[in-house]
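Taking the working numbering, the leading residue of the sequence shown gets 446, the next gets one more, and so forth. For each residue, glycine too, the CB sits at the ideal point set by N, CA and C. Report on the structure given below.
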Amino acid sequence: MPHRTHAIVTDKEKCIGCVTCSMACPTKAIRVRSKLAEVDDELCIDCGTCMEVCRYDAMRPRTSSPADLKRFKYTVALPSLTLYAQFGKEFHPGQALHALRKIGFDETYDISWMCEMVMGATDAYLSESTGPWPKISVTCPALLRLVQIRYPDLIPHLVPIETPRELAAKLRRRRVAAEKGLDPAEIGMFFITPCTAIIHSIVAPVGLEASHLDGAFSIADLYGPLLKSMKEDPGSDPVDTVSVRGLRWAMAGGEISGMRNANSMTVRGLHDVIYVFDRIEAGTFSSVDFIEAYICPDGCVSGGLTVAGRYTAQRNLQEAYRLLGDQTLVKEEKVRSLLREHFFDFEAEIKARPVRPLARDLREAIALKREKDALMERLPRKDCAACGAPDCETLADDIVRGKAQLSDCVFVRLEALEKEKSAEQGGDHD
Numbered sequence: 446m447p448h449r450t451h452a453i454v455t456d457k458e459k460c461i462g463c464v465t466c467s468m469a470c471p472t473k474a475i476r477v478r479s480k481l482a483e484v485d486d487e488l489c490i491d492c493g494t495c496m497e498v499c500r501y502d503a504m505r506p507r508t509s510s511p512a513d514l515k516r517f518k519y520t521v522a523l524p525s526l527t528l529y530a531q532f533g534k535e536f537h538p539g540q541a542l543h544a545l546r547k548i549g550f551d552e553t554y555d556i557s558w559m560c561e562m563v564m565g566a567t568d569a570y571l572s573e574s575t576g577p578w579p580k581i582s583v584t585c586p587a588l589l590r591l592v593q594i595r596y597p598d599l600i601p602h603l604v605p606i607e608t609p610r611e612l613a614a615k616l617r618r619r620r621v622a623a624e625k626g627l628d629p630a631e632i633g634m635f636f637i638t639p640c641t642a643i644i645h646s647i648v649a650p651v652g653l654e655a656s657h658l659d660g661a662f663s664i665a666d667l668y669g670p671l672l673k674s675m676k677e678d679p680g681s682d683p684v685d686t687v688s689v690r691g692l693r694w695a696m697a698g699g700e701i702s703g704m705r706n707a708n709s710m711t712v713r714g715l716h717d718v719i720y721v722f723d724r725i726e727a728g729t730f731s732s733v734d735f736i737e738a739y740i741c742p743d744g745c746v747s748g749g750l751t752v753a754g755r756y757t758a759q760r761n762l763q764e765a766y767r768l769l770g771d772q773t774l775v776k777e778e779k780v781r782s783l784l785r786e787h788f789f790d791f792e793a794e795i796k797a798r799p800v801r802p803l804a805r806d807l808r809e810a811i812a813l814k815r816e817k818d819a820l821m822e823r824l825p826r827k828d829c830a831a832c833g834a835p836d837c838e839t840l841a842d843d844i845v846r847g848k849a850q851l852s853d854c855v856f857v858r859l860e861a862l863e864k865e866k867s868a869e870q871g872g873d874h875d
């Protein structure tokens with residue numbers, strides 16, 4: 446299987462091999478070997494959990510740089526709606542859009558109206574769908590990867606509607622090319638992102654042949670220059686094209702807040718997502734039409750590449766709602782027309798991403814299962830992660846696959862030393 450470029454890289458100079466990231470990883474993708482965290486390409490979903498729990502800043506995002514802008518004749522910044530929530534109530538979305546141009550982008554493009562469009566499209570899709578229920582949002586790319594790896598039976602539950610950021614980038618590239626007389630490849634579309642999962646969704650998109658975005662800048666990296674620009678030149682872009690309903694998308698619950706379908710629910714945070722998805726697989730929650738789910742605890746406002754705390758960010762967004770009013774920018778007839786024209790559709794089928802099988806055939810699988818069971822009898826089941834794997838069962842898997850040894854377990858080594866010492870003492874008595 447080809448190597449996958451992930452959105453998070455390990456800083457070898459800072460990593461001390463403390464196993465915190467290994468224990469926190471939701472897909473057990475990290476091992477600590479030779480005092481360095483290593484990521485299993487097949488298992489990683491780029492959720493950013495490792496980066497958030499690392500106390501030594503040894504995990505960092507693989508973001509775009511100013512040099513990437515120079516590859517294009519014309520550049521467009523598409524900010525996550527979370528960007529607007531990073532500044533105090535004295536600033537508003539129009540000023541953030543203006544500041545993005547001041548720091549180096551040729552154009553900015555607000556996607557809040559596209560979020561409102563996708564809300565309407567999801568409503569229309571749910572009214573015409575025949576199941577299976579519940580349908581699950583694909584807004585969070587880390588969640589989408591989690592489904593591919595851990596819950597492949599839930600793929601038919603995914604709403605087959607592309608994300609607002611990709612739809613907006615596709616649409617704006619076409620229009621800029623026509624307006625400026627440029628080749629589409631000469632236009633750089635860059636997302637200003639709150640999380641690492643979106644960065645990876647650009648490099649290795651799901652449901653698309655290729656992303657319509659060319660890269661992503663971290664909100665945290667741009668925050669300082671943007672704030673300075675906004676203070677020095679508080680000019681503003683018009684805000685009458687900013688959708689308040691779309692702005693709500695930045696917070697958990699925002700996606701369903703603009704929908705008519707009331708038989709919906711929001712699930713947020715990794716542990717709650719796993720709890721609910723386990724039960725959907727078991728056949729419960731089938732009475733719910735739609736589930737909006739996020740890996741992060743409060744949706745995108747709590748992404749790992751943000752600056753403002755999630756509570757402050759939510760307060761800032763609420764102030765923006767008050768400032769802008771609750772205008773509706775999208776007509777239902779237009780949304781339904783575009784849905785029939787397949788404007789919102791994925792361009793490629795979403796497929797399971799199965800982890801490599803333990804064995805090639807049933808006979809070998811049975812033999813390896815017995816070997817693993819025997820190993821588990823010898824392991825302490827303390828799940829201490831001192832071996833570099835997140836728990837004893839994962840270590841047993843690694844041993845069976847030939848990627849680890851039983852002696853990697855500290856307790857097994859101690860037991861062996863105690864037996865050796867007892868044998869030596871017995872020999873001395875003889």
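Which residue wins for smallest C-alpha separation from threonine 465, given the options Asp456, Arg476, Lys457, Glu458? The residue labelled residue 465 in the question sits at position 20 within the sequence shown. Looking at the Cα atoms, Arg476 is the closest of the given residues.
From Ser709, Trp578, Glu458, Met559, residue whose alpha carbon lies closest to that of lysine 779: For the purposes of this step, residue 779 is identified with residue 334 of the sequence shown, where counting begins at 1. For lysine 779, the nearest C-alpha among the options comes from Met559.
- [ ] Name the residue from Leu523, Thr567, Gly576 whose alpha carbon lies nearest to the alpha carbon of phenylalanine 550.
- [x] What you label residue 550 is simply residue 105 of the sequence shown in a count that begins at 1. Nearest of Leu523, Thr567, Gly576 to phenylalanine 550, Cα basis: Leu523.
### Task
To the nearest angstrom, report how far apart valine 855 and alanine 482 are at their CA atoms.
Mapped onto the sequence shown, residue 855 falls at position 410. Mapped onto the sequence shown, residue 482 falls at position 37. Going by the C-alpha atoms only, they are around 18 Å apart.
Exercise for review: Return yes when the Cβ of alanine 753 is within less than 9 Å of the Cβ of alanine 530, no when it is not.
Suggested key: Along the sequence shown, one-based indexing puts residue 530 at 85. Along the sequence shown, one-based indexing puts residue 753 at 308. Taking 9 Å as the Cβ cut-off, alanine 530 and alanine 753 qualify as a contacting pair.
Compare the Cα-Cα distances from serine 572 to each of Leu784, Thr520, Ser467, Glu561 and report the closest residue. Position 127 of the sequence shown, counting from 1, holds the residue named residue 572. Per the Cα distances, Leu784.
- Item | Member of Gly833, Gln593, Pro679, Pro650 whose CA lies at the smallest distance from the CA of phenylalanine 532 | Taking the first residue of the sequence shown as 1, we reach residue 532 at position 87. Of all alpha-carbon atoms in Gly833, Gln593, Pro679, Pro650, the one lying nearest the alpha-carbon of phenylalanine 532 is that of Pro679.
Practice problem: Just confirm the distance between the C-beta atoms of glutamate 700 and threonine 584, as a whole number of angstroms; I'd bet it's less than 8 Å. | Solution: As a position in the sequence shown, residue 700 is number 255, starting the count at 1. As a position in the sequence shown, residue 584 is number 139, starting the count at 1. About 6 Å separates the beta carbon of glutamate 700 from that of threonine 584, a gap short enough to meet the 8 Å contact definition.
- request: Using three-state DSSP, classify serine 663 as helix, strand or coil.
  value: Here residue 663 refers to the residue found at position 218 when the sequence shown is read from its first residue. Here DSSP, grouped into helix, strand and coil, assigns serine 663 to strand.
Fill in: Segments of 3+ residues assigned as beta strand (DSSP E) that fall wholly inside the segment 501-526
At a cut-off of 3 residues, the continuous stretches assigned as beta strand (DSSP E) that sit fully inside the segment 501-526 are 504-506, 519-524.
- How is proline 650 classed by DSSP in three states: helix, strand or coil? Translated into positions along the sequence shown, residue 650 becomes position 205. DSSP places proline 650 in the coil class of the three-state scheme, outside both helix and strand.
- Message: With a threshold of 7 Å on Cβ separation, who are the neighbours of histidine 448 within its own chain once the five nearest residues in sequence on each side are excluded?
- Response: Position 3 of the sequence shown, counted from the first residue, corresponds to residue 448. Below a pLDDT of 50, predicted positions are generally treated as unreliable, and histidine 448, at 49, falls in that range; the measurement from the model is reported next regardless. Spatial neighbours of histidine 448 in its own chain (CB-CB distance under 7 Å, excluding positions within 5 residues in sequence) are listed in chain order as Asp486.
Tell me whether asparagine 761 is buried or exposed, calling it buried when 16 or more other Cβ atoms sit within 10 Å of its Cβ.
Within the sequence shown, the letter at position 316 stands for residue 761. With 16 or more other Cβ atoms within 10 Å, it is buried.
- Query: Touch check for the segment 726-745 and the segment 500-507: three-plus C-beta pairs under 8 Å?
  - Reply: No, the segment 726-745 does not touch the segment 500-507.
(Q) Taking the alpha carbon of arginine 798 as the reference point, which residue from Gly493, Ala649, Cys499, Ala765 has its own alpha carbon closest? (A) Position 353 of the sequence shown holds residue 798. Comparing Cα-Cα distances from arginine 798 to each of Gly493, Ala649, Cys499, Ala765, the minimum goes to Ala649.
Practice prompt. On a CA-only basis, which of Lys534, Pro579, Lys796 is nearest phenylalanine 722? Give me that one, please.
Written response: Indexing the sequence shown from 1 puts residue 722 at position 277. Looking at the Cα atoms, Pro579 is the closest of the given residues.
inquiry  = Let me make sure I understand the geometry here. Which of Pro835, Leu768, Ala831, Glu794 has the alpha-carbon closest to that of glutamate 607?
reply    = Here residue 607 is taken as the residue at index 162 of the sequence shown, counted from 1. Looking at the Cα atoms, Glu794 is the closest of the given residues.
Return the CA-CA distance between cysteine 745 and aspartate 818, expressed in angstroms with no decimal places. Residue mapping note: residue 745 aligns to position 300 of the sequence shown, counting from 1. Residue mapping note: residue 818 aligns to position 373 of the sequence shown, counting from 1. Within the model, the alpha-carbon separation for cysteine 745 versus aspartate 818 is close to 41 Å.
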